[in-house]
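Quick note: to get the working numbering, add 56 to the position in the sequence shown (first position is 1).
Shown next, in structure tokens, is the structure this report addresses.
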Amino acid sequence: MDNVLNSDDQKLNAVIIVAAGRGERAGQSNGPKQYRLLGGKSVLEHTISAFADHVDIDLIQVVIHADDQALYLQHIGHHIGSREKLAPACIGGSSRQASVLCGLKALANQNAGKVLIHDAARPFVTTELISRVLAGIGSSQGTLPVLSVTDTIKRGKNGIVIETVSRHDLFSAQTPQGFEYSAIVMAHEKAALETGEQFTDDASIAEWAGIPVKLVDGDPENIKLTVPEDFVLAKKTMGNIVPDVRTGNGYDVHAFEKGNSVRLCGIDIPHSAKLMGHSDADVGLHALTDAILGTMADGDIGSHFPPSDPQWKNANSEHFFRHAVELLEKRGAVITHLDTTLICEMPKIGPHRDRMRAEIARMANISIDRVSVKATTNERLGFVGREEGIASIATATVVFRS
Ligand code: MG
């Protein structure tokens, strides 16, 4: 009975991202605005990522300007191949309308059911907004996200007010605008033939072609970056959403002295010597402790636990390490990764590696897959090579939650 598949289920949800504009209003000196950086990534990359991360978007067709092919590869090249949804970019036309038609034609053999059309210069489009527009196409052939107009609207001529326009049923249009693919491609082709290129958005073309377009709520934060001031505002917005990731490094050395065991990363390992130090001389934990303190720019292990202070004589280095972890927790930060390298000729670290990882993970209150312990010899060079001591370096990665 279920042998007839609903063909709509197999149709793809595609998005056309229009990135072919020259963006003169955003200031030409900085190049096309869709390639300007926000929080370390281009505007276009933010926009592509918003759609790539949406579970119901199957295919992303970017339309670029013929002059921007090198820029596109520079900014987006690393996604090509790794983002399965990202189709090869196509070259746009001489107007926004012509560029959208190029994108629609590029989707011709892709079995697109629904298509969203979005401006590259709106990088703050949210998952919720994309979902709303997609859902709207179910009940209407077109969906337009809009905001109510809140300013009083005037009509004027030659610098003089002519009238006040009722804003009661006025809305400002956003993108992504969503359509049944077959309907909008026909409307675009017809408009290009019969009217030339005069429409500034796709809902206008749908309206002209008699396609019903349903209004859904837009999003006030889904701003279009148009003038230089928009970038100033956008950078402030990005400051709130770019994760505050910080890294710190640490380095430590302890010399050998007479003994029969070394303490490394919280584990006692039998050896023909021990490490010399005021505390237990756990060179691995000391470097990690400094790495964690480094993420907070809060001094080093010596400034928190002066070697001159007798109370730290023979101290368990877990105490130092836990102190740094607790300082971090008090600042609302979480450790996302710890990586350390022990540098010594002997003892062999490999057999003890996973116990060290487990011990560090326990002390840091994180899972073991976030803890790396590596080891290398010093190729018999220098003090490590002469087996006079052990060195360690470490990197901590943390995220601060604002
Ligand atoms: Mg030390």
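By construction, the Cβ of each residue, glycine as well, lies at the ideal position given by its N, Cα and C atoms.
Here the structure is a predicted model, which means the values were calculated and not measured.
- Message: Less than 7 Å separating the Cβ of G304 from some heavy atom of ligand 1?
- Response: The residue you call residue 304 lines up with position 248 of the sequence shown. In this structure, G304 has its beta carbon at no less than 7 Å from each heavy atom of ligand 1.
- Message: Are the CB atoms of N278 and Q230 within a distance shorter than 8 Å?
- Response: If you number the sequence shown from 1, residue 230 lands on position 174. If you number the sequence shown from 1, residue 278 lands on position 222. Yes, they are a contact pair.
- Own chain partners of A122 with C-beta closer than 6 Å, once the 5 adjacent residues on each side are dropped: Indexing the sequence shown from 1 puts residue 122 at position 66. Result list for A122: I147, in chain order.
- Task: With a cut-off of 8 Å on the beta carbons, I'd call V381 and A420 a contact; round off their distance for me.
- Result: For the purposes of this step, residue 381 is taken as the residue at position 325 of the sequence shown. For the purposes of this step, residue 420 is taken as the residue at position 364 of the sequence shown. The pair is a contact, with the Cβ atoms about 6 Å apart (cut-off 8 Å).
- Item | Among K291, M402, S428 and L160, the one whose alpha carbon lies nearest that of F439 | Counting from one through the sequence shown, the residue named residue 439 turns up at place 383. Of the candidates K291, M402, S428 and L160, the one whose C-alpha sits nearest the C-alpha of F439 is M402.
- Please name the residue in R409, S105, G445 and R436 whose C-alpha comes closest to that of S328. Reading the sequence shown from its first residue, position 272 is the one you call residue 328. Closest option to S328, Cα to Cα, is G445.
- Query: Among P232, A347, N165 and Q197, which one has its Cα closest to the Cα of T183?
  - Reply: Along the sequence shown, one-based indexing puts residue 183 at 127. Considering only alpha carbons, the answer is P232.
- Fully enclosed by the region 117-169, which alpha helix (DSSP H) runs are 4 residues long or longer? Taking only runs of at least 4 residues, the alpha helix (DSSP H) segments lying wholly in the region 117-169 are 125-132 and 152-162.
- V427 versus R188: straight-line alpha-carbon distance, rounded: Reading the sequence shown from its first residue, position 371 is the one you call residue 427. Reading the sequence shown from its first residue, position 132 is the one you call residue 188. Distance from the CA of V427 to the CA of R188, rounded to the nearest whole angstrom, comes to 41 Å.
- Item | Own chain residues within Cβ distance below 6 Å of E219, not counting five before or after | Locating residue 219 in the sequence shown gives position 163, counting from the first residue. If we look at E219 and ignore the five residues flanking it on each side, its Cβ neighbours are R211.
- Taking the alpha carbon of T392 as the point to measure from, which residue in R413, F287, A371 and D425 has its own alpha carbon closest? Position 336 of the sequence shown, counted from the start, is the residue given in the question as residue 392. If we check each option's Cα against that of T392, D425 comes out closest.
- Nonlocal neighbours in the same chain, by C-beta distance under 6 Å from E443, ignoring five residues either side: Here residue 443 refers to the residue found at position 387 when the sequence shown is read from its first residue. Closer than 6 Å at Cβ, skipping near neighbours: E401.
- Message: For L142 and A108, which I take to be in contact (beta-carbon distance under 8 Å), what is that distance rounded to the nearest angstrom?
- Response: Start at 1 with the first residue of the sequence shown, and residue 142 comes out as number 86. Start at 1 with the first residue of the sequence shown, and residue 108 comes out as number 52. Confirmed, Cβ separation roughly 7 Å.
- When the Cβ atoms of the region 124-140 are set against those of the region 161-175, are three or more pairs found closer than 8 Å? Three or more Cβ pairs closer than 8 Å define a contact, and the region 124-140 falls short of that threshold against the region 161-175.
- Any heavy atom of ligand 1 closer than 7 Å to the CB of D365? Reading the sequence shown from its first residue, position 309 is the one you call residue 365. Every heavy atom of ligand 1 is 7 Å or more from the Cβ of D365, so no.
- Message: Once DSSP output is grouped into helix, strand and coil, what is the label at I416?
- Response: Walking along the sequence shown from the start, residue 416 turns up at place 360. Collapsing the DSSP output to three states places I416 in a helix.
- Environment of ligand 1 in chain order, Cβ to heavy atom below 7 Å: Here the list is D308, H310, G333, A337, V339, H342 and I357.
- Helix, strand or coil: how does DSSP classify V99 here? One-based indexing of the sequence shown puts residue 99 at position 43. DSSP places V99 within a helical segment (H, G or I) once states are collapsed to three.
- Query: Exposed or buried, D336, counting other C-beta atoms within 10 Å across all chains shown (16 or more means buried)?
  - Reply: Within the sequence shown, the letter at position 280 stands for residue 336. Result: buried.
- Buried or exposed for D207, please, with buried defined as at least 16 other CB atoms from any protein chain shown within 10 angstroms of its CB. Here residue 207 refers to the residue found at position 151 when the sequence shown is read from its first residue. Its Cβ having fewer than 16 others within 10 Å, D207 is exposed.
- Who pairs with Q233 in a beta bridge, going by DSSP? Here residue 233 refers to the residue found at position 177 of the sequence shown. Per DSSP, I173.
- Task: Could you pull out every residue in the same chain whose Cβ sits closer than 7 Å to the Cβ of E415, ignoring the five residues on either side in sequence?
- Result: On the sequence shown, residue 415 is found 359 positions in, with the first residue counted as 1. So the qualifying residues of the chain are C321, G322 and I323.
- Query: In terms of residues, what are the limits of the alpha helix (DSSP H) holding F29?
  - Reply: Nothing can be reported for residue 29: it is not among the residues displayed for the chain, which extend from 57 to 458.
- Message: Rounding to the nearest angstrom, what Cα-Cα distance links T351 and V454 in this structure?
- Response: The residue you call residue 351 lines up with position 295 of the sequence shown. The residue you call residue 454 lines up with position 398 of the sequence shown. About 7 Å.
- Message: Between which residues of its own chain and S204 is the CB-CB distance below 7 Å, once the five residues before and five after are set aside?
- Response: Translated into positions along the sequence shown, residue 204 becomes position 148. Correct list, in chain order: F227.
- Query: What are the start and end residues of the alpha helix (DSSP H) that includes S456?
  - Reply: By one-based count along the sequence shown, residue 456 stands at place 400. It is worth fixing the name first, because residue 456 is Phe in this sequence and not Ser. No alpha helix (DSSP H) holds F456; the beta strand (DSSP E) holding it covers G445 to F456.
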